[in-house]
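Encoded as structure tokens, the structure appears first; notes follow it.
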Ligand SMILES: [Zn+2]
């Protein structure tokens, strides 16, 4: 991975202060991400979703668990740019504003995929005492997942002709996810 997008101690410190999360927590989250990451390295976002689908199918022993990602049928200004519903044990549905530029669409979707990732992790941990979970319980972890995933993917895309989907530097990734978390336009 190129140095610009490499997650190191400095970046972990920045992530921790941006999202007001303990640095140790971000380090733990990154280890969790790395344990999953070999499966998603060099894959497109759509493939990451398929990987998560398989992860959930195994964890939940339900071969029909599905991840759906589609544009809002009717997007009205002021609505969230993207949202997701987790139907525990059955499906995860992501909706997004199709009018967004590709680069932002990918970040918003990565944030929502982050919810699924952490819900899957929590589900695995809490297997024996299943409780109702919702995406709100995984804020701002979902943004932190998005940063990890996009840092890795940006490095990859840098080598290919996907420039319009690419961030110009790592700080921009952090800024975009910070804006997503705060719900401010960017
Ligand atoms: Zn969220």
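Residue numbers (the numbering used here): 2 to 187.
Even for Gly, the Cβ is constructed at its ideal location relative to N, Cα and C.
Residue from the options with nearest C-alpha to residue i
i           : options          : result
residue 89  : 35, 175, 120, 82 : 120
residue 82  : 67, 102, 36      : 102
residue 110 : 123, 26, 29, 69  : 69
residue 67  : 79, 78, 10, 86   : 86
residue 37  : 153, 24, 84, 105 : 153
Residue burial classification, residue i (beta-carbon count within 10 angstroms, cutoff 16)
i           : result
residue 14  : exposed
residue 108 : buried
residue 174 : buried
residue 35  : exposed
residue 181 : buried
residue 25  : exposed
residue 187 : exposed
residue 183 : exposed
Rounded separation between residue i and residue j - CA only
i           : j           : result
residue 140 : residue 61  : 23 Å
residue 168 : residue 32  : 24 Å
residue 5   : residue 116 : 26 Å
residue 16  : residue 59  : 31 Å
residue 150 : residue 48  : 12 Å
residue 73  : residue 91  : 20 Å
residue 114 : residue 95  : 8 Å
residue 29  : residue 172 : 21 Å
residue 79  : residue 185 : 11 Å
residue 7   : residue 56  : 25 Å
residue 106 : residue 176 : 15 Å
residue 27  : residue 170 : 21 Å
residue 84  : residue 18  : 25 Å
residue 97  : residue 104 : 13 Å
residue 112 : residue 10  : 22 Å
residue 93  : residue 118 : 11 Å
Those residues which DSSP pairs with residue i across a bridge
i           : result
residue 187 : Paired residues: none, contrary to the question.
residue 84  : 96
residue 67  : 92
residue 72  : 97
Contacting residues, own chain, Cβ-Cβ under 8 Å from residue i (five flanking each side not counted)
i           : result
residue 100 : 76
Close beta carbons around residue i, own chain, < 7 Å, minus the five adjacent residues each side
i           : result
residue 138 : none
residue 64  : 58
residue 50  : 68, 70, 114
residue 23  : 17
residue 54  : 66, 67, 68
Any chain C beta carbon closer than 8 Å to residue i
i           : result
residue 172 : Reference to chain C is not applicable here, since this structure consists of a single protein chain.
Cβ neighbours of residue i in the same chain (closer than 6 Å, five flanking residues each side left out)
i           : result
residue 178 : 144, 147, 148
residue 20  : 141
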